[in-house]
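Now the structure itself:
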């Protein structure tokens with residue numbers, strides 16, 4: 011795959027292309043302006059010759075006047091090198107030319123009514139290695155035999171052509187020199203302008219997995235790069251948070267797996283240390299079975315969360331009566347609650363569209379979490395009510411130790427516990443709230459933890 015051109019080279023090429031277009035357009039405009047100036051000068055000079063010629067031709071009365079016309083033409087051409095005059099009759103037959111005939115074939119047919127010098131297009135031709143520009147005008151006479159003459163005035167414009175050629179030859183090297191100098195200056199300016207990007211790249215190269223706390227100094231970059239620097243810093247912040255969570259998750263899962271594995275290893279070593287009765291081995295196997303069960307549930311929960319993270323958690327939606335679901339869950343947890351004198355109470359009702367098993371699992375995790383943190387003889391309340399016209403809210407509230415504010419943002423993280431010193435029991439691996447959040451999010455809802463002075467409140471909002 012071809013590598014894209016560098017930004018500096020692109021900018022340099024773009025600027026040079028624009029500059030070349032401007033210079034070429036400017037050169038073309040200058041050339042056209044000078045050529046127009048020369049044409050205007052020639053028109054004024056030709057007009058200066060045609061005006062007296064009109065008077066001379068209009069004053070022709072006799073044959074003697076016509077015979078004296080060449081002398082009059084020589085007088086008009088005196089002091090003007092490169093000017094020529096030709097006179098033809100009405101049929102285009104040449105009568106005379108001064109100082110010599112330089113006009114092209116068919117020149118008389120191009121005659122226009124007077125005054126030809128105003129607006130008439132020039133004749134332009136080459137003859138005998140010279141370039142000419144001229145006008146031909148129809149002029150009335152006072153002769154009875156010849157009522158009108160066709161009079162042409164031509165100017166040798168070879169010196170104009172030489173000047174334009176010299177100008178073109180001078181403009182081309184000047185244009186090339188300007189482009190070369192502009193290219194060099196543009197390259198320097200572009201590299202200087204892109205220096206902040208190189209500085210940002212240098213800072214980025216110094217960032218590693220162990221130094222994700224580094225940030226770009228937004229205050230020192232140009233205005234055009236502020237958004238880039240801000241976005242880059244935001245990405246670093248998200249990466250740092252993800253790495254931190256991954257490290258915490260790795261440490262937590264290692265700790266969670268170490269406890270049952272250590273228990274299994276110790277029990278097996280003790281059992282094999284000497285010969286024992288069959289009942290003793292049976293007791294060891296029952297104990298190992300409990301640890302295996304804990305490991306199995308933990309692995310299942312982690313696989314469930316992995317599916318949720320990869321978008322593979324697709325709810326099988328059906329209408330659900332939340333009051334019935336909460337009552338069923340309360341009945342399931344009633345023996346555990348009764349054992350500690352804790353009461354479960356539901357308030358309100360509502361209907362949502364969702365996956366029955368998933369939502370039961372999410373609400374069951376919230377109720378189990380509430381029971382776990384409720385003191386003996388406490389009351390766990392499950393409230394169901396409307397949250398606007400298109401949503402239903404389920405709130406699980408329990409008394410007990412409050413959730414510190416700094417833990418609210420991490421309360422739904424995997425393996426996170428508000429009290430790190432709390433004994434890790436087989437019933438609690440720290441994944442219940444994380445699973446509840448994944449299920450709620452998969453249903454298009456949200457879950458929040460709201461602190462209370464004398465307990466905690468978890469609110470689940472689901473589309474109705």
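Residue numbers (this note's numbering): 11 to 474.
All C-beta atoms, glycine included, are put in the ideal place defined by N, C-alpha and C.
Keep in mind the model is a prediction, meaning the values are calculated, not measured.
(request) Count the other C-beta atoms from every protein chain shown that fall within 10 angstroms of the C-beta of residue 365, then say buried if there are 16 or more, exposed otherwise. (result) buried
(message) For residue 455 and residue 447, what's the separation of their Cα atoms in angstroms?
(response) 9 angstroms
(request) On the DSSP bridge assignment, give the partners of residue 363 in chain order. (result) 329
(request) From the DSSP output, in three-state form, read off residue 202 for me. (result) helix
(message) Below 8 angstroms on the Cβ atoms is my contact criterion, and I expect residue 374 with residue 339 to pass it. Report the Cβ-Cβ distance as a whole number of Å.
(response) 5 angstroms
(request) State the Cα-Cα distance for the pair residue 397 and residue 352, rounded to the nearest angstrom. (result) 28 angstroms
(message) Taking 8 angstroms as the limit between beta carbons, can you name the residues of its chain near residue 460, skipping five residues before and five after?
(response) 466, 467, 468 and 469
(request) Identify whether residue 314 lies in helix, strand or coil by the three-state DSSP scheme. (result) helix
(request) Might you give, ordered along the chain, the residues of its own chain that have their beta carbon closer than 6 angstroms to the beta carbon of residue 38, omitting 5 neighbours on each side? (result) none
(request) Measure from the alpha carbon of residue 226 to the alpha carbon of each residue in 178, 279 and 210, then state which is nearest. (result) 210
(request) Compare the C-alpha of residue 308 against each of 70, 444 and 171 and name the closest. (result) 444
(request) Compute the Euclidean distance between the alpha carbons of residue 355 and residue 233, then round it to the nearest angstrom. (result) 59 angstroms
(request) Look at the Cβ atom of residue 323, then the Cβ atom of residue 270, and state whether they are nearer than 7 angstroms. (result) no
(message) Assuming residue 457 is part of the beta strand (DSSP E), what are its boundary residues?
(response) 456-462
(message) Taking the alpha carbon of residue 450 as the reference point, which residue from 418, 412 and 404 has its own alpha carbon closest?
(response) 404
(request) Throw me the rounded Cβ distance for the residue 63 and residue 192 pair, which I believe falls under 8 angstroms. (result) Going by Cβ atoms, the distance from residue 63 to residue 192 rounds to 53 angstroms, so no, they are not a contact pair.
(message) Based on DSSP bridge pairs, tell me the residues matched to residue 357.
(response) 393
(request) Just mark residue 17 as buried or exposed, buried being the case when its beta carbon has 16 or more other beta carbons within 10 Å. (result) exposed
(request) Measure the Cβ-Cβ separation of residue 144 and residue 122 and say whether it is below 7 angstroms. (result) no
(message) Quick check: the Cα distance between residue 425 and residue 13, rounded to an integer number of angstroms?
(response) 46 angstroms
(request) Could you say which of 54, 57 and 79 lies nearest to residue 66 if we only look at CA atoms? (result) 79
(message) What does the alpha-carbon distance come out to for the pair residue 363 and residue 249?
(response) 35 angstroms
(request) Flag this pair as yes or no: are the beta carbons of residue 401 and residue 474 separated by less than 7 angstroms? (result) yes
(message) DSSP three-state label for residue 445, please.
(response) helix
(message) Among the candidates 189, 125, 423 and 280, whose CA atom is the shortest distance from the CA of residue 22?
(response) 189
(request) Taking the CB atoms as reference points, tell me whether residue 359 and residue 392 lie closer together than 7 angstroms. (result) no
(request) Quick one: grab the DSSP three-state call for residue 94. (result) strand
(request) Determine the direct distance from the alpha carbon of residue 155 to that of residue 59, and round the result to whole angstroms. (result) 25 angstroms
(request) Please determine, among 70, 300 and 442, the residue with the shortest C-alpha to C-alpha distance to residue 311. (result) 442
(message) Tell me whether the segment 126-145 and the segment 109-117 touch, counting them as touching only if at least three CB pairs, one residue from each stretch, are closer than 8 angstroms.
(response) yes
(request) Kindly list the residues whose CB is nearer than 8 angstroms to the CB of residue 242, restricted to its own chain and excluding five residues on each side of it in sequence; keep chain order. (result) 210, 214 and 226
(request) Alpha carbon to alpha carbon, how far is residue 96 from residue 81? Give it in angstroms, no decimals. (result) 13 angstroms
(request) For residue 420, collect the residues of the same chain with a Cβ closer than 8 angstroms to its Cβ; drop the 5 residues on either side in sequence, then sort them by chain order. (result) 426
(request) In the DSSP assignment, find the alpha helix (DSSP H) that holds residue 20 and state where it starts and stops. (result) 17-68
(request) May I have the straight-line CA-CA distance separating residue 261 from residue 255, to the nearest angstrom? (result) 10 angstroms
(message) Please report the straight-line C-alpha distance between residue 15 and residue 204, rounded to a whole angstrom.
(response) 15 angstroms
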